[in-house]
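Undergrad: Sequential numbering from 3 applies to the sequence shown in our numbering.
Backbone N, C-alpha and C define an ideal beta-carbon position, used for all residues, glycine too.
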Amino acid sequence: MMRAIHMMLCLALSLLLLAPGVNAVGTEHIGTYSSKITWENTGDGEYRIFIKSNETKLYDVVYVADGNYSASDIYFFEVEFTYANGTKGRAYDVNGSAYVPASAKTISYNITGLQPLTKYVVEIRHGNDVQSIEFTTMSEVVQLPKSDLTIYLILAVVVGSFAVLIFYLARMEKRRLRSAYIYIAPAVLGMVLLTFYPVLYGFFLSFTDYSLSYSQEYHFVGLENYINVLFTPDFSLVFTTTIIWTVGCVLLHVLIGIFLAVLLNRKIRGRVVYRALLLLPWAIPSYISVLTWRSMLEYGGTIPSALSGLGVNIDFLNTMPWALFSVIMVNVWLGFSYMMMVFSGALQGIPEELYEAADVDGFSRWQKFRYITLPLLKPAIIPAALLGFIWTFNMFNVIYLLTGGGPVGKVGVSAGSTDILITYVYDQAFMYWRIGFAAAYSVVIFMMLLAFSVIYLRAGGGGESVYFTSRKRTISPGVTLRILLYGVALVYLAAFSG
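Structure representation (structure tokens):
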């Protein structure tokens, strides 16, 4: 009897090994109307994707072949691949078909157009090999993670910390000013619930593996997400692009703003009209301006067509470095007006007597600008440049609407050539559904901006006026730092308890 059982098992194993390559396929995300599947690359050729539900139909074909792919090629967002070392890339669009390099280890495809709560069988056919998977899409009502004590603990820590802080500030002030804190308490509470709580909850998620995949559960993974953030090849590329983008935009914003403010501060005819016209780029909603620029810069648009008539062929949005130049140019167009108005207001506060005394001393225009205008503009330049740096560092609309992060970056890197940190985080959260990983990226971005702000304000004297000394601090930095560290420690303990 036992010998017969052993023979049957061996026969079954032999049949399994001799069957045409039936390999397991995995899913990275099962959604309501889409599902992302991943399969192994077993060789060059065509991979035909069939979907079986009520009927069997061919969904798409992915080709695997070596070719002369370059960063300027258009790519598919739906098809990705992963090399053996873990780096990722997107499939290339060759004559409307998705092509993947032959050295790819796995291939992923985001299948869309599915129905909720429907059972599907997906087959990947490659010659005689068949890889298949069966799954059921989610319902239209997506269940959020189970609420547990951790969430309420974080909320209690946030509200309690700010209540203690307000009480401490009220004690430090004079009696007649204490009632002011009572009046601002509702606004502070609203800010705590709508702003600070989501921020700290995102901080909590950065220590978890939360992902919109098979289930909505999550587990504490410690610093794993932060290690993945800092030691993936995407980070260095995206961080470098972010620095070039931010420094270039802010520098041009400030320089153009100062130049126009000084120019329009002179007594020239029609300067009010000029100011109104120059304010229009900032007054018009940014997405309208960006889409207008996109229609002019895209291949076949107004600007490339005009240059083509002169014998110059440039694809501004799909080739580097023109794509990066285009997004910087459009953002400068959107932001120089704000800087111009800030510096124009600051120029009105400079006493005219200083310039009259400089004329008596024989100062040239450059000397008056260097020794009078620029030093007295410093209290306006420092905070304006700081805010501009923070806004530009996190500027999502321009890049997302103009280039979508493209063109394709280096082979084996999923980030596009114009992706900055914030657009890359968006892709990770809402394209790949890696919520915990994206939350860790957001915390890293916050720490970068916090460190830059502290260093910048210390180096620039905090933007204090040249006429008056700063007021004496009512709260020592040590107390503020202890409160901050206390809150961070409690949040980390809350994350650990989850």
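#1: Quick check: the Cα distance between residue 275 and residue 406, rounded to an integer number of angstroms?
#2: Just checking my contact of residue 49 with residue 126 at CB under 8 Å: how many whole Å lie between their CB atoms?
#3: Looking at residue 315 and residue 400, is the spacing between their C-beta atoms short of 7 Å?
#4: Less than 7 Å between the beta carbons of residue 208 and residue 417, yes or no?
#5: For the ligand FMN, I want to know if residue 124 counts as a neighbour, meaning its beta carbon is within less than 6 Å of at least one of the ligand's heavy atoms.
#6: With C-beta atoms as the reference, is residue 345 less than 7 Å away from residue 260?
#7: Start and end of the alpha helix (DSSP H) containing residue 420?
#8: Quick one: what's residue 100 bridged to in DSSP?
#9: By the DSSP assignment, the alpha helix (DSSP H) with residue 436 in it spans what residues?
#10: By alpha-carbon positions, which one of 101, 458 and 193 ends up nearest to residue 387?
#11: Let me confirm a value: residue 342 is counted as buried when at least 16 other C-beta atoms fall within 10 Å, else exposed. Which label applies?
#12: Quick one: measure Cβ to Cβ for residue 438 and residue 227, integer angstroms, because I've assumed they're closer than 8 Å.
#13: Pairs of beta-carbons, one from the stretch 292–312 and one from the stretch 246–260, closer than 8 Å: are there three or more?
#14: In chain order, what residues of the same chain have a beta carbon less than 7 Å from the beta carbon of residue 431, not counting five sequence neighbours either side?
#15: Can you list the beta strand (DSSP E) stretches of 3 or more residues lying completely in the stretch 354–423, in chain order?
#16: Determine whether the Cβ of residue 335 lies closer than 7 Å to any Cβ atom of chain B.
#17: Check this for me: beta carbons of residue 231 and residue 94, under 7 Å apart or not?
#18: Counting only the same chain and skipping the five closest in sequence on each side, list residues whose C-beta sits under 7 Å from that of residue 422.
#19: Looking at residue 86 and residue 1, is the spacing between their C-beta atoms short of 7 Å?
#20: Taking only the alpha-carbon atoms, compute the straight-line gap between residue 270 and residue 280 and give it to the nearest angstrom.
#21: With DSSP run on the structure shown, which of helix, strand or coil describes residue 85?
#22: Looking at the structure shown, is residue 162 part of a helix, part of a strand, or coil, going by DSSP?
#23: For residue 370, tell me which candidate among 331, 385, 354 and 38 has the shortest Cα-Cα distance.
#24: For the beta strand (DSSP E) that contains residue 127, what are its first and last residues?
#25: For residue 340, collect the residues of the same chain with a Cβ closer than 6 Å to its Cβ; drop the 5 residues on either side in sequence, then sort them by chain order.
#26: Ignore the nearest five residues each way along the sequence and tell me which others in residue 451's own chain have a CB closer than 7 Å to its CB.
#27: Let me know if residue 81 comes out buried or exposed under the rule of 16 or more other beta-carbons within 10 Å of its beta-carbon.
#28: Beta strand (DSSP E) containing residue 134: first to last residue?
#29: Measure the C-alpha to C-alpha separation of residue 97 and residue 379 and round it to an integer number of angstroms.
#30: Locate the beta strand (DSSP E) running through residue 288, then write down its first and last residues.
#31: Could you tell me which residues DSSP puts in a beta bridge with residue 48?
#32: I need the boundaries of the alpha helix (DSSP H) containing residue 257, first residue and last residue.
#33: Please classify residue 489: is it buried, with 16 or more other beta-carbons within 10 angstroms of its beta-carbon, or exposed?
#34: Assuming residue 113 and residue 39 make a contact with CB atoms under 8 Å, what is their CB distance in whole Å?
#35: Short check: CB of residue 252 to CB of residue 403, under 7 Å?
#36: Go ahead and label residue 359 buried or exposed: buried means 16 or more other beta carbons lie within 10 angstroms of its beta carbon, across all protein chains shown.
TA: In brief:
#1: 36 Å
#2: 6 Å
#3: no
#4: no
#5: This structure simply doesn't include the ligand FMN, nor any ligand for that matter.
#6: Residue 260 sits close to residue 345, with the two beta carbons spaced by under 7 Å.
#7: First-last for residue 420: undefined, no H or E at that position.
#8: 64 and 95
#9: Run containing residue 436: none; DSSP gives neither H nor E here.
#10: 458
#11: buried
#12: 5 Å
#13: Segments in contact, no.
#14: 437 and 440
#15: none
#16: The chain labelled as chain B is not found in the depicted structure, where only one protein chain is given.
#17: no
#18: 240, 243, 244, 247 and 401
#19: Beyond the ends of the chain as shown, which are 3 and 500, falls residue 1; an answer cannot be given.
#20: Residue 270 and residue 280: Cα-Cα distance of roughly 15 Å.
#21: coil
#22: Assigned with DSSP and collapsed to three states, residue 162 falls in helix.
#23: 354
#24: 121–128
#25: 284
#26: 392 and 395
#27: buried
#28: 131–138
#29: 55 Å
#30: Segment 288–299 is the alpha helix (DSSP H) holding residue 288; no beta strand (DSSP E) there.
#31: 65
#32: 235–266
#33: At residue 489, the pLDDT of 45 sits below 50, so the modelled position is not reliable; the number obtained from the coordinates is stated separately. Under this definition residue 489 is a buried residue.
#34: 6 Å
#35: no
#36: exposed
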